[in-house]
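Here's the structure we're looking at; comments come further down.
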Amino acid sequence: MSDSPIYEPSDSELEILQILWANEPATVRFVHEQINLKREVGYTTVLKQLQRLTDKGVVKRKRKGKVHYYSVVPKRDDVQQNLFQQFLENVYEGSAMKLIMDALGQSQTSEEELDELKKWIEQQKKQKND
Numbered sequence: 001m002s003d004s005p006i007y008e009p010s011d012s013e014l015e016i017l018q019i020l021w022a023n024e025p026a027t028v029r030f031v032h033e034q035i036n037l038k039r040e041v042g043y044t045t046v047l048k049q050l051q052r053l054t055d056k057g058v059v060k061r062k063r064k065g066k067v068h069y070y071s072v073v074p075k076r077d078d079v080q081q082n083l084f085q086q087f088l089e090n091v092y093e094g095s096a097m098k099l100i101m102d103a104l105g106q107s108q109t110s111e112e113e114l115d116e117l118k119k120w121i122e123q124q125k126k127q128k129n130d
């Protein structure tokens, strides 16, 4: 997907993509059942969303007998990276430092986590100097 335009799924599309990434290829019925474990949604709603995702080229459909199986075209990492970059730009003005400081300030960060972060920072410094 890195050669393709950036794809930014809606929340409901992302929910479907996550189910497919974990279980692809999958049928409409399977995706519908998985979504209904969290919230109630109609079968035809899921079918329509999968059809739209197929039309967008995000999901591909293969027919085996009378059943259609769906799988995701873009890699999960590519979509996650695009969503994260969008979040970083929109919420933190592109500043990873603001994000990290906010995350550390919102939780009970353990000594071990701080040590891990310190090691990671040192590794990043070494890589930049090499």
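Numbering (the numbering used here), first residue to last: 1 to 130.
Positions of the beta carbon are idealized from the N, C-alpha and C atoms, including for glycine.
Using a Cβ-Cβ cut-off of 6 Å (strictly less than) and excluding sequence neighbours within five positions of residue i, which residues of its own chain qualify?
i   : result
Y43 : H32
Would you decide whether residue i is buried or exposed? Buried here means 16 or more other CB atoms lie within 10 Å of its CB.
i    : result
L114 : exposed
E13  : buried
V79  : buried
L53  : buried
D3   : Residue placement at D3 cannot be trusted, given a pLDDT of 47 that sits under 50; the coordinates are not used to answer.
So who's on the other strand from residue i, going by DSSP bridges?
i   : result
Y43 : None, per the DSSP bridge assignment.
Y69 : K62
A26 : Y70
Who are the near neighbours of residue i in its chain, counting only those whose CB is closer than 8 Å to its CB and skipping five residues on each side?
i    : result
K118 : none
L50  : I16, V28, V31, V59, R61 and Y70
I35  : E15, I16, I19, V41 and V46
Check this for me: beta carbons of residue i and residue j, under 8 Å apart or not?
i   : j    : result
P9  : S71  : no
Y69 : T109 : no
V73 : G57  : yes
If you drop the 5 nearest sequence neighbours on each side, which residues of the same chain put their C-beta closer than 7 Å to that of residue i?
i   : result
L99 : L88 and Y92
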